[in-house]
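Right, one structure below, let's go through it.
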Amino acid sequence: MRILDRYLLREWAKVFGLCLLGFGGLILISHCYNRIPDLERWGLSFGTSVEYLALLMVGSIPMLLPISLLISVIFTLGALNRNQELAAIRAAG
8 MRILDRYLLR
18 EWAKVFGLCL
28 LGFGGLILIS
38 HCYNRIPDLE
48 RWGLSFGTSV
58 EYLALLMVGS
68 IPMLLPISLL
78 ISVIFTLGAL
88 NRNQELAAIR
98 AAG
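In the numbering used here, each number is its position in the sequence shown, counted from 1, plus 7.
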């Protein structure tokens, strides 16, 4: 793997991780807001409630990955273009 490939992968991975955490947090907040009254009504313990919400998040992965991938690629290419790094990459071949 060339140095340039590692650099691009590292830059993209940082943004992808942030997008994944950000969108995952939004989905988790949405699930909590919608499900907390049900969990209280059912009388579940805190640990069981956390486990239930974690399993709901696993079901959200097919929706979470594509949007995080798209947004991270757009942001990474935008940052590379803003810093004139895309021009240098094109010149390097």
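C-beta atoms are modelled at their ideal positions from N, C-alpha and C, and glycine is treated no differently.
- Cβ-Cβ separation between I74 and F30: approximately 6 Å, consistent with a contact (criterion under 8 Å).
- Using a 10 angstroms sphere on the CB of S79, the tally of other CB atoms reaches 16 or more, which defines it as buried.
- At a Cβ-Cβ threshold of 7 Å, H38 and L63 count as neighbours.
- DSSP, read as helix, strand or coil, puts N90 in coil.
- A straight-line Cα-Cα distance of about 29 Å links D45 and C26.
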